[in-house]
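*Asks:* When you line the sequence shown up against the UniProt record's numbering, it's residues 1 to 249, in that order. Note that beta-carbon positions come from the ideal geometry of N, C-alpha and C, so glycine has one too. If you scroll down you'll find the structure; I have some questions about it.
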Amino acid sequence: MIKIKSQKQIEKMYEAGRLLASCHRELRKLVMPGTTTLKLDQFVETFLTAHGAKAAQKGYMGYPFATCASVNDEVCHGLPNKRALKDGDIVTIDFVVNLNGWLADSAWSYAVGSVSRKSQDLMDATKKALYKGIEQAQVGNRIGDIGHAIQIYAESKGYSIVREFIGHGIGRSIHEEPQVHHVGERNTGITLKEGMVITIEPILNAGKPHVSLTQDGWTAVTYDGSLSAQYEHTVAITKDGPIILTEQA
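As structure tokens, then:
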């Protein structure tokens, strides 16, 4: 069942989203060679606690950290650790904020120091693909329009799209209906309605789209060892168009 949110409920989610965005802005300053994803994770948890919020994914289905931290060929759900980030790495930090019972979710890929043109192009294309999908999050459009826009753009740039991990509805729970695929056909799937709140979170690979799961049971990596990047926003569908609840300034 898709849970339609009232304007007041969307405003509460927007408050969570603004806090999440401000945390990402602070993370920008901390991502550098020599730091660790464990330190970044600890910063996020401390930041959220200081602002009266919780890291919603900590403990969700047994997940042990406040963030997912995925480096280079790690597609998503990477476990924060003590390995130092190196100049030229890509690190994606993904987390969910719970503020007064309402959630917001956003992932962002960061360049560590100076990255190669190949890495920067991948990150730029992934971010652009996200916004291509958001443009289609309009009342009366279909869910397939979002995936189609992402797929057409990403593949035109020579990148593949991970199929196994998708966007979703969000509200008081991390995962609600509907499922939001990042590939698709136009005019297919459910009709988008005012009051729906979804995440759009494409993952693009520089190589093939296939992924595998590592022995830790959480971290997904590209099967061919190619680089991967992800950007995600929480988006409310309104009569005036999509509103990004997690937009960074």
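Going by other Cβ atoms of all chains shown within 10 Å of its Cβ, with 16 needed for buried, is residue 239 buried or exposed?
*Replies:* It is exposed - the Cβ of residue 239 has fewer than 16 other Cβ atoms within 10 Å.
*Asks:* Taking 7 Å as the limit between beta carbons, can you name the residues of its chain near residue 116, skipping five residues before and five after?
*Replies:* Result list for residue 116: 88, in chain order.
*Asks:* Tell me which same chain residues have a C-beta within less than 8 Å of the C-beta of residue 142, skipping the five on either side of it?
*Replies:* So the qualifying residues of the chain are 186, 187, 188, 189, 190, 191, 192.
*Asks:* May I have a chain-ordered list of the alpha helix (DSSP H) segments no shorter than 4 residues that lie completely inside the stretch 192 to 224?
*Replies:* You should have found no qualifying run.
*Asks:* Closer than 8 Å is the cut-off here; do at least three beta carbon pairs connect the stretch 31 to 48 with the stretch 77 to 93?
*Replies:* The stretch 31 to 48 vs the stretch 77 to 93: in contact.
*Asks:* The beta strand (DSSP E) that contains residue 110, what's its start and end?
*Replies:* Taken as a continuous stretch (DSSP letters only), the beta strand (DSSP E) holding residue 110 covers 102 to 111.
*Asks:* Under three-state DSSP, which class holds residue 47?
*Replies:* Helix, per DSSP.
*Asks:* Suppose only complete runs of 3+ residues qualify. What are the beta strand (DSSP E) ranges in the stretch 15 to 99, listed by chain order?
*Replies:* Counting only runs of 3 or more, we get 68 to 71, 74 to 76, 90 to 99.
*Asks:* Along the chain, where does the alpha helix (DSSP H) that runs through residue 148 open and close?
*Replies:* That run of the alpha helix (DSSP H) goes 143 to 156.
*Asks:* Let me know if residue 216 comes out buried or exposed under the rule of 16 or more other beta-carbons within 10 Å of its beta-carbon.
*Replies:* Looking at its Cβ environment, which holds fewer than 16 other Cβ atoms inside 10 Å, residue 216 is exposed.
*Asks:* Given a cut-off of 8 Å, decide if residue 134 and residue 253 are closer than it, judged by their beta-carbon atoms.
*Replies:* Beyond the ends of the chain as shown, which are 1 and 249, falls residue 253; an answer cannot be given.
*Asks:* Alpha carbons only, please: which of 243, 233, 206 is nearest the one belonging to residue 226?
*Replies:* Nearest C-alpha to residue 226: 206.
*Asks:* Which two residues bound the contiguous alpha helix (DSSP H) that contains residue 119?
*Replies:* Note, residue 119: alpha helix (DSSP H), 117 to 135.
*Asks:* Does residue 177 come out as helix, strand or coil in the three-state DSSP assignment?
*Replies:* It is a strand residue.
*Asks:* Would you mind stating whether residue 220 and residue 204 have Cβ atoms separated by less than 8 Å?
*Replies:* Taking 8 Å as the Cβ cut-off, residue 220 and residue 204 do not qualify as a contacting pair.
*Asks:* To which residues does DSSP link residue 230 through a beta bridge?
*Replies:* Residue 230 pairs with 203.
*Asks:* Among residues of its own chain, excluding the 5 on either side of residue 211, which ones have a beta-carbon nearer than 7 Å to its beta-carbon?
*Replies:* Cβ neighbours of residue 211 beyond the five flanking positions: 75, 162, 164, 220, 221, 222, 223.
*Asks:* Do residue 104 and residue 17 have their C-beta atoms closer together than 8 Å?
*Replies:* Yes, these two residues count as a Cβ contact at 8 Å.
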